[in-house]
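K.L.:
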DNA sequence: TAAAAATAACGTCAAATGTCCGCATTTTAC
DNA sequence: GTAAAATGCGGACATTTGACGTTATTTTTA
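Protein chains in written order, with this note's numbering: chain A, 82 to 273; chain B, 82 to 273.
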């Protein structure tokens with residue numbers, strides 16, 4: 082399971098063998114079964130999660146119980162609730178597995194230590210944050226300005242790999258439209 | 082004009098007198114008239130902007146010319162396009178002044194230098210980024226799950242100060258609803 | 001101060017969207 | 001292997017929303 086992470090991290094961060102060993106030494110391996118939760122609302126998020134294999138979903142609910150998908154995390158991506166993790170406050174999010182998955186976990190304490198020891202990792206971590214910020218902005222703009230069909234097309238084009246692996250009602254939830262609307266869009270596109 | 086910034090920064094970052102002087106020495110003061118642009122689509126964003134006085138708006142347009150407000154920045158807030166600033170790529174955004182404003186500007190180069198020299202500033206900058214990330218997430222969740230009326234109520238409650246200073250059609254644009262819908266909501270609330 | 005622009009409400013109408021329902025098919029779990 | 005659950009389509013209906021045009025009022029600008 083660690084092999085996937087090694088490949089990923091070597092591609093993205095220039096590390097000495099010692100650095101890599103250090104990072105690995107504080108990582109915890111874990112397998113997660115489909116539908117299993119890694120984080121629950123109200124709980125304090127304890128880890129940064131790297132997905133070696135599988136697919137995670139981060140979502141949030143409203144008082145009425147409706148679920149709203151914030152993010153999908155397939156292999157070689159990360160998942161966590163940074164707000165809860167950094168501030169040690171109860172999380173508003175759920176993270177669960179859409180497929181049986183293999184993940185690596187780091188506690189905040191250990192990850193902070195790693196960043197302090199390994200400047201290149203710290204820099205990469207900052208880069209990821211900045212990418213996330215941009216993706217978030219893009220999504221807000223899309224939510225404000227795009228039609229449901231445009232949102233759908235964007236999603237399929239941006240995440241073809243993920244798209245094929247998740248049920249449509251979760252795509253709808255991610256896009257902020259009803260499954261009904263998504264069905265209609267797909268029907269209309271089929272007829273062309 | 083610098084006085085506002087001094088008060089702000091002293092409240093939030095522990096700085097030596099020398100640090101403060103250094104930060105000030107590379108800042109450029111500028112006054113902006115209402116409707117004037119500080120950043121235009123296609124241009125590379127050159128500055129981090131601190132608003133001492135006034136109100137800025139960051140927005141983006143679609144091919145059809147529609148405007149979508151990403152952010153309002155009143156006094157003691159910041160504005161910039163981090164993506165364009167960091168990567169020196171053409172921006173997708175406009176930044177303009179909704180009121181006659183007074184701002185301080187730092188180039189990326191100078192701000193990077195400041196962060197390298199002053200760890201406390203770097204840390205604060207990171208904290209701001211993380212706050213922004215959380216606000217972005219919150220807004221996405223709201224876009225996905227809230228009704229127009231809930232979005233409106235949230236906005237008024239969260240930014241009462243800003244709300245009173247901007248035209249309703251810009252509130253509507255920020256919320257991602259039409260002015261018509263916003264009018265209806267307000268009328269309905271008046272009748273209660 | 002007068003003309004022009006911006007702002008926001010309102011009415012009407014058509015289109016888009018959501019909710020609720022059932023149904024068929026596939027997938028999952030015991 | 002079978003029962004149960006999940007998935008996704010479709011119809012009917014009510015509601016919401018947006019587009020467009022009009023008007024009144026306020027604000028800006030020359």
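Glycine included, C-beta positions come from ideal geometry on N, C-alpha and C.
Count the CB pairs spanning the segment 121-137 of chain A and the segment 222-231 of chain A that are closer than 8 Å, and state whether there are at least three.
P.N.:
Contact between the segment 121-137 of chain A and the segment 222-231 of chain A is absent, because fewer than three Cβ pairs lie under 8 Å.
K.L.:
Give the C-beta separation of residue 183 of chain A and residue 134 of chain A to the nearest angstrom, bearing in mind that I take them to be a contact with Cβ-Cβ under 8 Å.
P.N.:
Residue 183 of chain A sits at position 102 when you count from the first residue of the first chain. Residue 134 of chain A sits at position 53 when you count from the first residue of the first chain. About 4 Å; that satisfies the 8 Å criterion.
K.L.:
Cβ of residue 110 of chain A within 7 Å of Cβ of residue 82 of chain A?
P.N.:
Indexing the first chain from 1 puts residue 110 of chain A at position 29. Indexing the first chain from 1 puts residue 82 of chain A at position 1. It is a contact, given that the beta carbons lie within the stated cut-off.
K.L.:
Apart from the five residues just before and just after residue 157 of chain B, which ones in its own chain have a Cβ nearer than 6 Å to its Cβ?
P.N.:
For the purposes of this step, residue 157 of chain B is identified with residue 76 of the second chain, where counting begins at 1. 89.
K.L.:
Going along chain A in order, which residues have a C-beta closer than 8 Å to the C-beta of residue 224 of chain B?
P.N.:
Your numbering for residue 224 of chain B matches position 143 in the second chain. Those within 8 Å of residue 224 of chain B in chain A are 221, 224, 225, 257.
K.L.:
With a threshold of 16 other CB atoms inside 10 Å of the CB of residue 189 of chain B, please say whether the residue is buried or exposed.
P.N.:
As a working mapping, residue 189 of chain B is identified with position 108 in the second chain. Per the 10 Å Cβ criterion, buried.
K.L.:
Is it right to say residue 221 of chain A is buried, meaning 16 or more other beta carbons lie within 10 angstroms of its own, or is it exposed?
P.N.:
Counted from its first residue, the first chain places residue 221 of chain A at position 140. Looking at its Cβ environment, which holds 16 or more other Cβ atoms inside 10 Å, residue 221 of chain A is buried.
K.L.:
When you compare only the Cα positions, how much space is there between residue 43 of chain A and residue 166 of chain A?
P.N.:
Limits of chain A in this structure are 82 at one end and 273 at the other, which puts residue 43 of chain A out of reach.
K.L.:
Beta-carbon within less than 8 Å of residue 136 of chain B's beta-carbon, same chain only, minus the 5 sequence neighbours each way: which residues are those?
P.N.:
Here residue 136 of chain B refers to the residue found at position 55 of the second chain. Around residue 136 of chain B: 153, 154, 155, 156, 178, 179, 180, 182, 243, 246, 247.
K.L.:
Out of B/106, B/200, B/254, which has the shortest C-alpha to C-alpha gap to residue 232 of chain B?
P.N.:
If you number the second chain from 1, residue 232 of chain B lands on position 151. Minimum Cα distance to residue 232 of chain B is reached at B/254.
K.L.:
Using a 10 Å radius around the Cβ and a threshold of 16 neighbouring Cβ atoms, would you call residue 223 of chain A buried or exposed?
P.N.:
As a first step, residue 223 of chain A must be located in the first chain, where it is residue number 142. That one is buried.
K.L.:
Just to confirm, are residue 185 of chain B and residue 86 of chain B a CB contact at a threshold of 7 Å?
P.N.:
On the second chain, residue 185 of chain B is found 104 positions in, with the first residue counted as 1. On the second chain, residue 86 of chain B is found 5 positions in, with the first residue counted as 1. Closer than 7 Å, so yes.
K.L.:
For residue 130 of chain B, which residues does DSSP report across the bridge?
P.N.:
For this step, residue 130 of chain B is matched to residue 49 along the second chain. Residue 130 of chain B is bridged to B/160, B/186.
K.L.:
Name the DSSP beta bridge partners of residue 153 of chain B, please?
P.N.:
Taking the first residue of the second chain as 1, we reach residue 153 of chain B at position 72. Answer is B/138, bridged to residue 153 of chain B.
K.L.:
At a CB-CB cut-off below 7 Å, which residues of chain A make contact with residue 171 of chain B?
P.N.:
Walking along the second chain from the start, residue 171 of chain B turns up at place 90. Here the premise fails: no neighbours, minimum Cβ distance about 14 Å.
K.L.:
Pull out every residue of the segment 129-163 of chain B whose Cβ sits closer than 7 Å to any Cβ of chain A, in chain order.
P.N.:
Listed by position along the chain: 141, 143, 147, 149, 151, 163.
K.L.:
Exposed or buried, which one is residue 150 of chain B when buried takes at least 16 other CB atoms within 10 Å?
P.N.:
Locating residue 150 of chain B in the second chain gives position 69, where the first residue counts as 1. Result: buried.
K.L.:
Just the Cα atoms here: how many angstroms apart are residue 161 of chain A and residue 217 of chain A?
P.N.:
Numbered from its first residue, the first chain carries residue 161 of chain A at position 80. Numbered from its first residue, the first chain carries residue 217 of chain A at position 136. Going by the C-alpha atoms only, they are around 15 Å apart.
K.L.:
With residue 177 of chain B as the anchor, note down where its beta strand (DSSP E) starts and where it stops.
P.N.:
Stepping through the second chain from its first residue, residue 177 of chain B is reached at position 96. That run of the beta strand (DSSP E) goes 175-178.
K.L.:
Taking only beta-carbon atoms, is residue 214 of chain B less than 7 Å away from chain A?
P.N.:
Here residue 214 of chain B is taken as the residue at index 133 of the second chain, counted from 1. Yes, its Cβ sits closer than 7 Å to a Cβ of chain A.
K.L.:
Could you tell me whether any Cβ in chain A is nearer than 7 Å to the Cβ of residue 123 of chain B?
P.N.:
Taking the first residue of the second chain as 1, we reach residue 123 of chain B at position 42. Output row for residue 123 of chain B: interface = no.
K.L.:
Touch check for the segment 204-213 of chain B and the segment 99-108 of chain B: three-plus C-beta pairs under 8 Å?
P.N.:
They do not touch, by the three-pair rule.
K.L.:
Please name the residue, chosen from B/96, B/170, B/260, that lies closest to residue 202 of chain B on a Cα-to-Cα basis.
P.N.:
Start at 1 with the first residue of the second chain, and residue 202 of chain B comes out as number 121. Selected option, being the one with the closest Cα: B/96.
K.L.:
Compute the distance between the beta-carbons of residue 139 of chain A and residue 174 of chain A, then report whether it is under 7 Å.
P.N.:
Taking the first chain and counting its residues from 1, one reaches residue 139 of chain A at position 58. Taking the first chain and counting its residues from 1, one reaches residue 174 of chain A at position 93. Their beta carbons are under 7 Å apart, which means residue 139 of chain A touches residue 174 of chain A by this criterion.
K.L.:
Can you give the Cα-Cα distance for residue 198 of chain A and residue 187 of chain A, rounded to whole angstroms?
P.N.:
By 1-based counting over the first chain, the position of residue 198 of chain A is 117. By 1-based counting over the first chain, the position of residue 187 of chain A is 106. In a straight line, the C-alpha of residue 198 of chain A is about 15 Å away from that of residue 187 of chain A.
K.L.:
Answer with yes or no whether the minimum CB distance from residue 217 of chain A to chain B is below 7 Å.
P.N.:
Taking the first chain and counting its residues from 1, one reaches residue 217 of chain A at position 136. So yes, residue 217 of chain A belongs to the interface.
K.L.:
Could you give the distance in angstroms between the alpha-carbon of residue 92 of chain A and the alpha-carbon of residue 261 of chain A?
P.N.:
Residue numbering aside, residue 92 of chain A sits at position 11 when the first chain is read from its first letter. Residue numbering aside, residue 261 of chain A sits at position 180 when the first chain is read from its first letter. Cα to Cα, the separation comes out at about 42 Å.
K.L.:
So which residues of chain A does residue 167 of chain B contact, with C-beta pairs closer than 7 Å?
P.N.:
Translated into positions along the second chain, residue 167 of chain B becomes position 86. Neighbours of residue 167 of chain B on chain A, chain order: 211.
K.L.:
Taking the continuous beta strand (DSSP E) assigned at residue 111 of chain A, which residues delimit it?
P.N.:
One-based indexing of the first chain puts residue 111 of chain A at position 30. Residues 109-113.
K.L.:
Determine the closest residue to residue 214 of chain A out of B/164, B/236, B/99, with distance taken between C-alpha atoms.
P.N.:
For this step, residue 214 of chain A is matched to residue 133 along the first chain. The option with the nearest alpha carbon to residue 214 of chain A is B/164.
K.L.:
According to DSSP, which residues form a beta bridge with residue 125 of chain A?
P.N.:
Position 44 of the first chain, counted from the first residue, corresponds to residue 125 of chain A. Residue 125 of chain A pairs with A/171.
K.L.:
Can you find the residues in the same chain that come closer than 7 Å, C-beta to C-beta, to residue 148 of chain A, ignoring five residues on each side of it along the sequence?
P.N.:
Translated into the one-based positions of the first chain, residue 148 of chain A becomes position 67. Taken in chain order, the residues that qualify are 140, 142, 254.
K.L.:
In angstroms, rounded to a whole number, what distance separates the CA positions of residue 256 of chain B and residue 264 of chain B?
P.N.:
Counting from one through the second chain, the residue named residue 256 of chain B turns up at place 175. Counting from one through the second chain, the residue named residue 264 of chain B turns up at place 183. So the alpha carbons of these two residues sit roughly 13 Å apart.
K.L.:
Using a threshold of 7 Å, state whether the C-beta atoms of residue 119 of chain B and residue 176 of chain B are closer than that.
P.N.:
Along the second chain, one-based indexing puts residue 119 of chain B at 38. Along the second chain, one-based indexing puts residue 176 of chain B at 95. In contact: residue 119 of chain B and residue 176 of chain B (Cβ atoms closer than 7 Å).
K.L.:
Can you tell me which residues form a DSSP beta bridge with residue 148 of chain A?
P.N.:
Position 67 of the first chain, counted from the start, is the residue given in the question as residue 148 of chain A. Residue 148 of chain A pairs with A/142.
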